[in-house]
Amino acid sequence: MSAAPAPHPNPSLGSNAMAFPAPRITLPLGMSVLQTYSGAFICLEILFGGLVWILVASSNVPVPLMQGWVMFVSVVMFLCSTLYLCVYLCGLADRVDTDWNLIDFVYHFVAFVFYFGASVLEAATTAAAAVEPDRVNATTAAVVTLLDFRQYSINVVATIFSFVVTLCYACSLGLALRRWKL
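Adding 6 to a residue's 1-based position in the sequence shown gives its number in the numbering used here.
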């Protein structure tokens, strides 16, 4: 005769509950997430990221090789930040058993790296417009962009806001690191 298996310490959890850690969420759910610094930074990321997207698109993307990456990053990060904020606003983070603090950190790290690269490319595109094509030789410049004054002005503003969004992602990354390492 075999012995009966020992009962689970908490029968309501079931046998699989021991395999997965409890979710770690330090940000509040619902509308109260907007009252935190992280929620405010996510809103700023969405606002300024959408502005970068609109500004680069309104300049007719005169240098698609460099500004294509800027458009890709600004559109994808705009959508991801919007989705990320909706997860907290709708309370869905409470239903998924995962370490949301780690996800927050990884997301903002990737977003910061991508946006920093996009900001540098946007600044390079704008700075290359100041190079006069008749004075260019192989030793002075590798990239020349022909922008009219309207496109140049829009790209200057897009560059500024791109670095502002990068700063917002850096602040969110710092806050996420602090929450993750609590």
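The C-beta atom is built at its ideal place from N, Cα and C for all residues, glycine as well.
Practice problem: Below 8 Å on the Cβ atoms is my guess for Ser44 versus Leu181; work out the distance and round it to an integer in Å. | Solution: By a beta-carbon distance limit of 8 Å, Ser44 contacts Leu181. Their separation comes to about 5 Å.
Helix or strand or just coil, what does DSSP make of Asp105? Residue state, collapsed to three classes: strand.
Requested in this report: Measure the CB-CB distance between Val62 and Ala136 and report whether it falls below 8 Å.
Outcome: In this structure, Ala136 does not lie closer than 8 Å to Val62 by Cβ.
Practice prompt. Spatial neighbours of Thr131 within its chain, please: CB distance less than 7 Å, with the 5 preceding and 5 following residues excluded, ordered by chain position.
Written response: Here the set comprises Val69, Met72, Gln73, Thr151, Asn161.
Backbone CA spacing between Ile166 and Phe54 [nearest angstrom]: Looking at the two C-alpha atoms, the distance is approximately 10 Å.
Which residues mark the beginning and the end of the alpha helix (DSSP H) in which Leu91 is found?
Counting along the chain, the alpha helix (DSSP H) containing Leu91 begins and ends at 70–95.
If I measure Cβ to Cβ from Gly97 and keep anything under 7 Å in the same chain, skipping five residues before and after, which residues do I get? If we look at Gly97 and ignore the five residues flanking it on each side, its Cβ neighbours are Leu35, Gly36.
Review point. In the DSSP assignment, what residue or residues form a beta bridge with Arg184?
Key: For Arg184, no pairing in a beta bridge is given by DSSP.
Query - For Phe118 and Val126, the rounded distance between their alpha carbons - result: In a straight line, the C-alpha of Val126 is about 12 Å away from that of Phe118.
Task: Residue of Leu188, Cys49, Thr32 minimising C-alpha distance to Val2 - done: In the structure as shown, the chain starts at 7 and stops at 188, and residue 2 therefore has no counterpart that could be examined.
Give the DSSP bridge partners of Arg156, in chain order.
Beta-bridge pairing links Arg156 to no other residue.
Item to complete: Have a look at Ala129, Asp103, Phe115, Asp110 and flag the residue whose alpha-carbon is nearest the alpha-carbon of Trp75.
Response: That would be Ala129, whose Cα lies nearest to the Cα of Trp75.
- prompt: Which term fits Val39, buried or exposed, when burial requires 16 or more other beta carbons within 10 angstroms of its beta carbon?
  reply: Val39 is buried by the Cβ-count criterion.
- Quick one: is Val102 buried, meaning 16 or more other Cβ sit within 10 Å of its Cβ, or exposed? With fewer than 16 other Cβ atoms within 10 Å, it is exposed.
Determine the contact status of Ser65 and Gln157, defining contact as a CB-CB distance below 8 Å. Against a cut-off of 8 Å, the Cβ pair of Gln157 and Ser65 comes out as a contact.
Alpha carbon to alpha carbon, how far is Ala133 from Met83? Give it in angstroms, no decimals. Rounded to whole angstroms, Met83 to Ala133 spans 24 Å at the Cα level.
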